[in-house]
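Plus 53 on top of the position in the sequence shown (first one is 1) and you've got the numbering used here. Note that the Cβ used here is the ideal one computed from N, Cα and C, for glycine as well.
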Amino acid sequence: MTNEPPLEVAPLIRSFLDLSDAGGHAIAAMINDAQDRKMARRGWPMGKPDIDQPLAGRVLAMVFEKSSTRTRVSFDVAMRQLGGSAILLDASTSQLGRGESIADTARVLSRMADAIMVRTDDHSKIEEVAHHAHVPVINGLTDLSHPCQIVADLLTVIEHRKALPGLELAWFGDGNNVLNSILEAAALMKFNVRVATPQGYEPNPQFVKMARDAGSTVTLTTDAAEAARDADVLVTDTWISMGQEHAEEKLAAMEPFRVDSALMAKAKRDAIFLHCLPAHVGDEVSAEVFEGPQSVVFDEAENRIHAQKSILLWCFGLIG
Ligand code: CP
Ligand code: NVA
């Protein structure tokens with residue numbers, strides 16, 4: 054008897070811990086496939102499977118050590134649309150909450166599911182899951198990165214008729230996990246990023262270096278107006294991410310970085326506004342911008358489903 058998995062496991066195991074695991078060509082292929090599938094099922098009930106049901110019989114285990122609305126629902130609906138199904142585990146109702154190791158959980162889930170999606174805090178935890186798992190592992194957000202969100206964001210940008218190479222994307226507020234993945238996307242898809250944050254809240258320097266090394270222009274500034282000038286896309290996120298302390302000092306430092314109408318007016322006339330949600334309207338974005346005509350945040354939220362489908366198909370070797 055061995056501890057090895059049964060022989061019939063899929064021969065191709067592709068994990069999606071960060072965007073670079075797929076690379077620029079595969080991400081472009083994912084976006085194309087997402088657009089095609091989205092178009093092909095226009096007007097259908099959300100739970101009706103796509104005609105080809107490419108993941109029929111497959112099960113996704115979803116492990117959440119942090120809260121989620123969009124990631125949780127979009128992966129579940131994505132699996133249904135691809136002909137498969139999803140099982141939800143959270144720390145409070147699984148043995149993870151009682152101290153079972155993430156390594157043992159990964160090995161067990163590898164025997165019970167065809168892929169594992171994890172949302173957790175320390176990025177090293179998801180790397181550990183991938184190390185022990187015998188099936189594809191997907192990063193549903195860590196403190197370091199949020200790659201699935203960015204596939205949906207790129208799809209949204211392209212749907213709004215903006216080409217990625219040469220795009221000028223401006224970020225305002227906290228240099229967090231979402232921004233890190235945007236910088237990784239910039240490296241892979243050849244666009245430029247202006248980052249406006251208060252001092253001390255800059256993005257992870259490794260992601261800045263990755264984008265710059267790949268030829269993207271990354272501007273780090275404390276001047277929000279400078280970052281917004283003639284930008285194509287304006288993006289922000291919560292000032293306090295999950296797991297961070299609600300510090301008054303941080304909130305005060307963020308005040309000049311709110312995306313409001315005056316800031317939007319400095320961007321290109323056809324610029325769009327993105328936010329991964331959940332939003333704190335009145336903090337990182339004004340109500341006028343959030344509800345205004347340039348805001349495409351609910352297209353972006355819906356696109357989480359279409360993006361997750363492409364990510365899943367890539368993990369199973371059916372795209373790219
Ligand atoms: N944008 C995003 O990941 O949303 P949830 O936290 O609701 O999953
Ligand atoms: N930066 C946010 C993203 C939520 C989807 C967080 O980590 O809480």
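Within the stretch 230-275, the runs of beta strand (DSSP E) at least 3 residues long that lie entirely inside it are, in chain order, 245-249, 271-274.
Using a C-beta cut-off of 8 Å, the stretch 212-220 makes no contact with the stretch 259-277, since fewer than three inter-stretch Cβ pairs fall below that distance.
Segment contact: the stretch 83-93 against the stretch 356-368, three or more CB-CB distances shorter than 8 Å; contact assigned. Across the set Ile372, Ser198, Ala166, Asp167, the C-alpha of Ser198 shows the shortest separation from the C-alpha of Glu180. For Thr289, the enclosing beta strand (DSSP E) stretches over residues 286-289.
DSSP places Glu353 within a helical segment (H, G or I) once states are collapsed to three. Around the Cβ of Ile104, a 10 Å sphere holds fewer than 16 other Cβ atoms; the residue is exposed. Closest in C-alpha terms to Arg282, from the list Arg322, Ala238, Leu149, His328, comes Arg322. Linking Pro200 to Leu70 through their CA atoms gives a straight-line distance of about 7 Å.
Here Leu162 is actually not in contact with Glu118; their C-beta atoms are around 14 Å apart, not less than 8 Å. A heavy atom of the ligand NVA is found nearer than 7 Å to the CB of Asn229.
Three or more Cβ pairs drawn from the stretch 166-176 and the stretch 106-117 lie within less than 8 Å of each other, which places the two stretches in contact. By the criterion of at least three beta-carbon pairs nearer than 8 Å, the stretch 324-344 is not in contact with the stretch 89-107.
At least one heavy atom of the ligand CP falls within 7 Å of the beta-carbon of Ser121. With respect to the 8 Å criterion, Glu353 and Ala223 are not classified as neighbours on the basis of their beta carbons.
Nearest C-alpha to Ala264 among Ala249, Ala238, Glu279, His184: Ala238. Shortest gap from the CB of Cys329 to any heavy atom of the ligand NVA: under 7 Å. Secondary structure note for Phe343: it is in no beta strand (DSSP E), and the uninterrupted alpha helix (DSSP H) holding it is 340-343. Within 7 Å of the C-beta of Gln202 there is at least one heavy atom belonging to the ligand CP. Three or more Cβ pairs drawn from the stretch 225-245 and the stretch 255-270 lie within less than 8 Å of each other, which places the two stretches in contact. Selection Asp227, Phe128, Asp285 evaluated against Leu220 yields Asp285 as nearest (Cα-Cα).
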